[in-house]
Structure formats: structure tokens, C-alpha cells
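So in our numbering, the last spot in the sequence shown is 148, and the numbers never skip.
C-beta: ideal position from N, C-alpha, C; glycine also.
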Amino acid sequence: PYVVPGGRFREVYYWDSYFTMLGLAESGHWDKVEDMVANFAAEIDAWGHIPNGNRTYYLSRSQPPVFALMVELFEEDGVRGARRYLDHLKMEYA
Numbered sequence: 055p056y057v058v059p060g061g062r063f064r065e066v067y068y069w070d071s072y073f074t075m076l077g078l079a080e081s082g083h084w085d086k087v088e089d090m091v092a093n094f095a096a097e098i099d100a101w102g103h104i105p106n107g108n109r110t111y112y113l114s115r116s117q118p119p120v121f122a123l124m125v126e127l128f129e130e131d132g133v134r135g136a137r138r139y140l141d142h143l144k145m146e147y148a
């Protein structure tokens with residue numbers, strides 16, 4: 055599961071998703087935050103980075119790396135599963 059901006063935008067965008075996740079976390083929707091982080095980790099596994107959006111059209115471009123900020127949201131809720139994303143964090147900064 056993931057959240058899209060809405061309107062004419064029907065796909066996930068990297069940078070936008072972080073701000074969406076801040077709202078979800080503030081509202082206590084930790085399950086959605088975890089799902090979205092897992093989806094971005096899968097993009098790192100597939101492409102070696104997180105593209106600007108989740109279409110192959112965007113594979114050649116990205117946005118400032120905010121995956122670490124997404125993972126950091128887990129720590130604020132006391133979720134200690136963030137360590138499983140260490141390899142993904144290293145790949146994003148490579």
C-alpha cells in the first residue's frame with residue numbers, strides 16, 4: 055500500500071511522499087508509514103536508487119535523498135525495525 059498526491063497525480067513521488075509520511079505519522083498511521091518505507095526500499099533494491107516517481111520514465115532522475123528521514127520516523131514511534139534498512143540507506147548514498 056502507498057499514498058499518491060491525488061488529483062491528476064496517480065503515482066508515488068519520492069520527495070512528496072516524505073511530507074505525506076510526516077502527516078501520517080502525526081496522525082498515528084504507522085502501518086502506512088511502514089508500508090511506504092518498505093515500498094521505497096524495494097525501489098532501491100530494483101533500481102539502486104529511488105527515482106523521482108515510480109514509473110520507468112523517471113529512472114534517470116531522482117530528488118534529494120530523504121529515505122534516511124523516512125526511516126528515522128520509525129525511531130520517533132519507538133519502532134526498532136529501522137536497522138533492517140541499513141543496506142538500503144548505504145545504497146542510496148553510494
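If you look at I98, you'll find it in the alpha helix (DSSP H) that goes W84 to W101.
Going by C-alpha positions, W101 is about 11 Å away from R115. Under DSSP, the beta-bridge partners assigned to Y67 are G107. Looking at M90, G61, E65 and P59, the one whose alpha-carbon comes closest to that of L127 is M90. In the structure shown, the three-state DSSP call for G60 is strand.
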